[in-house]
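Engineer: Have a look at the structure that comes next, please.
Numbering (our numbering), first residue to last: 524 to 671.
Written out as structure tokens, the structure reads:
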């Protein structure tokens with residue numbers, strides 16, 4: 524199957540630019556929680572969350588050429604984790620990002636193990652099912668102890 528997007532490989536200058544952008548983002552992630560205002564922390568947390576979702580879609584669609592219709596489930600796992608950690612445990616929203624990322628990653632790995640055998644429209648259907656099951660799982664009565 525041909526990829527939906529054209530992938531261009533860059534030279535040393537391209538990698539240097541990517542490394543510089545990554546360094547600036549890493550510095551921003553370290554600076555904002557310690558010296559930023561509450562509104563700046565909120566904006567940066569939202570921006571980094573959306574960047575993580577976009578990067579994961581880029582990996583799946585751009586490099587692997589696979590379609591995921593349930594990508595919102597992984598995004599939801601991260602945001603749900605952040606919401607619980609902020610409201611229940613009093614964490615800063617910015618500090619919950621690594622935990623939310625790791626939890627969504629682990630769920631993604633667990634889902635991808637059986638999905639490795641399928642491609643194309645069948646993978647899209649499996650991921651669509653995941654996207655439809657996640658909201659129902661969150662509403663499950665046995666999880667009410669966590670969210671109220």
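The beta-carbon is built from N, C-alpha and C at its ideal position, and this holds for glycine as well.
Between residue 634 and residue 577, what straight-line distance do the alpha-carbon atoms span, to the nearest angstrom?
Structural biologist: Approximately 19 Å, taken between the alpha carbons.
Engineer: So residue 624 packs on residue 601, CB below 8 Å; how close in whole Å?
Structural biologist: 6 Å
Engineer: Could you tell me which whole alpha helix (DSSP H) segments of length 4 or greater appear in the segment 554 to 616?
Structural biologist: 561 to 580, 594 to 610
Engineer: Can you tell me whether DSSP reads residue 641 as helix, strand or coil?
Structural biologist: coil
Engineer: Can the beta-carbon of residue 592 be found closer than 8 Å to that of residue 631?
Structural biologist: no
Engineer: Using the rule of at least 16 other Cβ atoms within 10 Å of the residue's Cβ for burial, across every protein chain shown, is residue 587 buried or exposed?
Structural biologist: The residue in question, residue 587, is exposed, as its Cβ has fewer than 16 Cβ neighbours within 10 Å.
Engineer: Would a C-beta distance cut-off of 8 Å place residue 621 and residue 605 closer than the cut-off?
Structural biologist: no
Engineer: Residues in its own chain within less than 7 Å of residue 618 by CB, not counting five upstream and five downstream?
Structural biologist: 556
Engineer: Can you say whether residue 551 is buried or exposed, counting buried as having 16 or more other CB atoms within 10 angstroms of its CB?
Structural biologist: exposed
Engineer: Could you check which residue in 663, 650, 640 has the C-alpha nearest to that of residue 595?
Structural biologist: If we check each option's Cα against that of residue 595, 650 comes out closest.
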